[in-house]
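Inspection log for the structure reproduced underneath, given as structure tokens.
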Amino acid sequence: TNYHELSDWNFSPRLTLSLPLAEKWRLEAGTGTFFQYINQHENIQLNELGLNTPIWLLSDPLTGNIQQAHKYLLGMDYNNASWTVEVDAYYTKTNGLHTLTPLLNSTVQQNLNDFFSGSGKSYGLDILVQYNHRNYHSWISYSNSNVLYLFPDIQPDFFRAPDHHQYNLSFLQQVKWKNWRFFLNYQWKSGLYYSEPTRLNQFYDDDGSFYYLYEYSKLNQDQFPNYSRLDLGVRFLPQISTHSRCEIACT
2 TNYHELSDWN FSPRLTLSLP LAEKWRLEAG TGTFFQYINQ HENIQLNELG
52 LNTPIWLLSD PLTGNIQQAH KYLLGMDYNN ASWTVEVDAY YTKTNGLHTL
102 TPLLNSTVQQ NLNDFFSGSG KSYGLDILVQ YNHRNYHSWI SYSNSNVLYL
152 FPDIQPDFFR APDHHQYNLS FLQQVKWKNW RFFLNYQWKS GLYYSEPTRL
202 NQFYDDDGSF YYLYEYSKLN QDQFPNYSRL DLGVRFLPQI STHSRCEIAC
252 T
């Protein structure tokens, strides 16, 4: 690929392997290098309302801040008339991450408006078991994932990403009867990580106004409580005419 603002070509090799092991079983493997020229700046800390305003920027020809990812995947699938089982393990190494963040530890003496460059890695295991039979549908999924950032000018070692849910379990049951649909959906996630400030510093501008700056010894070391949610619902889909249908739902 070639980004018109830069003169260099980027080689992006990709390899995919699909190998039948036995009847209905298949081994999947893949790897590849990917480049991205429109990058989203990572927000290490959300604001006090928990809202995130993404910042997207084109890669700068002067710095060449192109985001590059190396991805590896290994998995196994099983499929028959009623059952589907998928197990996937993955690893991704990403370079060219950037952030504009107020989270600085005491060893960093830089302007608050500076952009910081870093890298990241993610790895984990995803499992899906799905069952379909006539009017009954069910699936359960489990994920064990890790998303880590490294911004040496902010913190010298890896720390967890703010959207890092290490464990995720989902469960769905759905039954169809005539014009009725009944479903149950349950989700459980381990808590997100956050940064606990260790000190509050007060600074004064030249005009005498002051502002506060939190100081952090470590980023995203503390964890919120786990999250769980249960949804129960019913849908009614009566046939009004040959070409129209009505839907009434309650959750």
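For the sequence shown, the numbering used here begins at 2 and goes up steadily by one.
Beta carbons: idealized from backbone N, C-alpha and C, even for Gly.
C-alpha of Val148 to C-alpha of Phe159: approximately 10 Å in a straight line. In the three-state scheme derived from DSSP, where H, G and I count as helix and E and B as strand, Asn147 is classed as strand. Around the C-beta of Gly119, 16 or more other C-beta atoms lie within 10 Å, and the residue is accordingly described as buried. Here the C-alpha atom of Leu231 lies approximately 7 Å from the C-alpha atom of Gln188.
In this structure the segment 236-252 does not touch the segment 202-221; the number of beta carbon pairs closer than 8 Å is below three. The Cβ atoms of Gln131 and Thr85 sit closer than 7 Å to each other.
Using a Cβ distance threshold of 7 Å, Ile128 and Val88 count as a contacting pair.
Around the beta carbon of Phe12, fewer than 16 other beta carbons lie within 10 angstroms, which makes this residue exposed. The alpha-carbon separation between Ser83 and Thr95 amounts to approximately 38 Å. The criterion of a C-beta distance shorter than 7 Å is satisfied by Phe225 and Gly192. Residue environment: Gly121 is assigned as buried (16 or more neighbouring CB atoms within 10 Å of its CB, all protein chains considered). Counting only the Cα atoms, Asn186 lies some 15 Å from Lys177.
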